[in-house]
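With the UniProt record's numbering, you'll find the sequence shown wraps up at 308, consecutive numbering, no jumps.
Every residue gets a Cβ at the ideal spot worked out from N, C-alpha and C, and that includes glycine.
Worksheet: the structure to be examined is printed underneath.
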Amino acid sequence: MAFSQVTVQVPATTANLGPGFDCLGVALTLHNRFRFTLKNASDPPVEILVKGEEAARVSTDAENLIYRAFASFYEGFGQTPPPVKIEIELGVPLSRGLGSSATAIVGGLVAANALAGSPMEEDDLLQKAIALEGHPDNVIPAFLGGCRLAVANNQQWKICDIPWWSELIPVVAIPDFELSTAAARSVLPSQFSRDVAIFNAAHLGLLLRAIETGRCDWLRIGMRDQLHQPYRQQLISGYTEVETAAISAGAHGVAISGAGPTLLAITSVGDASIVAQEMQAAWEKLGIAAIVKVLKISPTGAAFELHH
Numbered sequence: 001m002a003f004s005q006v007t008v009q010v011p012a013t014t015a016n017l018g019p020g021f022d023c024l025g026v027a028l029t030l031h032n033r034f035r036f037t038l039k040n041a042s043d044p045p046v047e048i049l050v051k052g053e054e055a056a057r058v059s060t061d062a063e064n065l066i067y068r069a070f071a072s073f074y075e076g077f078g079q080t081p082p083p084v085k086i087e088i089e090l091g092v093p094l095s096r097g098l099g100s101s102a103t104a105i106v107g108g109l110v111a112a113n114a115l116a117g118s119p120m121e122e123d124d125l126l127q128k129a130i131a132l133e134g135h136p137d138n139v140i141p142a143f144l145g146g147c148r149l150a151v152a153n154n155q156q157w158k159i160c161d162i163p164w165w166s167e168l169i170p171v172v173a174i175p176d177f178e179l180s181t182a183a184a185r186s187v188l189p190s191q192f193s194r195d196v197a198i199f200n201a202a203h204l205g206l207l208l209r210a211i212e213t214g215r216c217d218w219l220r221i222g223m224r225d226q227l228h229q230p231y232r233q234q235l236i237s238g239y240t241e242v243e244t245a246a247i248s249a250g251a252h253g254v255a256i257s258g259a260g261p262t263l264l265a266i267t268s269v270g271d272a273s274i275v276a277q278e279m280q281a282a283w284e285k286l287g288i289a290a291i292v293k294v295l296k297i298s299p300t301g302a303a304f305e306l307h308h
């Protein structure tokens, strides 16, 4: 019997980690959940219901990104997408640099493939997700989990699993304002010097070794970046104050999560709570509300369950 319903859970992600611009991403223990139910052929193409604090901001028509990803799967086979009801449970804040768009793209593709009987192999599905998103750093860990490095190889992406030292804890500080990816990209120079290229290559290499070994002295240096963070910091109110507070409380490094404005601190287990408190307090002193979460690295990416 064919399945008519699938539930997909997709983790939030943090990308870049400083020098890993557009190529490094990590899955976090924060999730969006999507339920897809196939409807009768005579029904409208899509019905979308949304639950969560920001539900009112999510489009409920065919322009919704999760439906566009779902539909693109069938269109890739020359088929018309079947009418579907999509129920969304939001757990990942929107437009905050935590990969909400990646959860939608991955969720839509994984659901469509599952309902269609899995005609597409995992790697091909992942390559399609990257093409829809435009860059790999969020969709890859959202799809696969863990910490992942993506490298372009001709027209394909090679993906490397980066071991994450279990005592390193991610703390995300999510301010009550948005920053669009387009705005965050618009402030970046189109060209960089050789010195900047060397700086970032060296620091990314050190960061990867620090993540793998838990060497905090390497981590403090490795998270420095000259490609994007110096330019994006000006778009994030309170960046300097929050970064200073986190480091003073024991964080090993602070980075802009994705395009921002969420800030990510990496701490040791024993310092995570105080780092979270100090980051929140620093923003509140500036009159900016923030939600701060002590998270873990999600070892699993998108997971689905089929129902008749």
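Here's a check: name, in chain order, each residue in its chain whose Cβ is nearer than 7 Å to the Cβ of residue i, leaving out the five neighbours to either side.
i, result
"residue 167", "214, 268, 269"
"residue 138", "13, 15, 25, 99, 102, 258"
"residue 199", "226"
"residue 162", "147, 148, 149, 208, 211, 212"
"residue 299", "145, 146"
Excluding the 5 residues flanking residue i on each side, which residues of the same chain have their C-beta closer than 6 Å to its C-beta?
i, result
"residue 256", "229, 232"
"residue 294", "171, 272, 276"
"residue 286", "238"
"residue 251", "265, 267, 275"
"residue 222", "203, 206, 207, 210"
"residue 74", "81"
"residue 305", "7"
"residue 164", "147, 211, 297"
"residue 104", "65, 66"
Sort out for me which residues DSSP pairs residue i with in a bridge.
i, result
"residue 268", "168"
"residue 14", "26"
"residue 255", "264"
"residue 96", "Residue 96 pairs with nothing; no bridge assigned."
"residue 161", "148"
"residue 307", "5"
"residue 175", "290"
"residue 35", "7, 87"
"residue 64", "In the DSSP output, where bridge partners are listed per residue, residue 64 has none listed."
"residue 46", "84"
"residue 20", "16"
"residue 297", "28"
"residue 153", "156"
"residue 51", "89"
Closer than 8 Å by C-beta to residue i: which residues in its own chain qualify, once you throw out the five before and the five after it? Chain order, please.
i, result
"residue 44", "83"
"residue 39", "47, 82, 83, 84, 85"
"residue 1", "Confidence at residue 1 is low in this model, with a pLDDT of 47, below 50, so the placement of that residue should be treated as unreliable; the coordinate-derived value is given next. Around residue 1: 308."
"residue 94", "54, 57, 58, 100, 178"
"residue 292", "171, 172, 173, 174, 276, 277, 279, 280"
"residue 62", "45, 46, 68, 71"
Going by CA-CA distance only, name the one from the options that's closest to residue i.
i, options, result
"residue 180", "290, 225, 236, 201", "236"
"residue 173", "6, 301, 261, 54", "261"
"residue 226", "10, 3, 17", "17"
"residue 151", "292, 21, 68, 41", "21"
"residue 5", "31, 111, 191", "111"
"residue 160", "208, 191, 219, 46", "208"
"residue 120", "76, 134, 133", "76"
"residue 34", "40, 23, 65, 41", "65"
"residue 301", "143, 211, 221", "143"
"residue 11", "147, 74, 183", "147"
"residue 19", "219, 292, 296", "219"
"residue 96", "183, 297, 201", "183"
"residue 312", "216, 224, 122, 176", "Outside the shown range of the chain, which is 1 to 308, sits residue 312, and nothing can be said about it."
When you compare the CB positions of residue i and residue j, do they come within less than 8 Å of one another, or not?
i, j, result
"residue 157", "residue 136", "yes"
"residue 246", "residue 281", "no"
"residue 117", "residue 27", "no"
"residue 132", "residue 3", "no"
"residue 30", "residue 108", "no"
"residue 242", "residue 283", "yes"
"residue 176", "residue 288", "yes"
"residue 79", "residue 303", "no"
Indicate, with yes or no, if the ligand ADP has a heavy atom lying under 7 Å from the CB of residue i.
i, result
"residue 31", "Looking at this structure, you won't find the ligand ADP or any other ligand, since it has none at all."
Is there contact here, the region 76-92 with the region 49-60, by at least three beta-carbon pairs under 8 Å?
yes
I want to know whether the region 182-191 touches the region 116-134 - three or more CB-CB distances under 8 Å.
no
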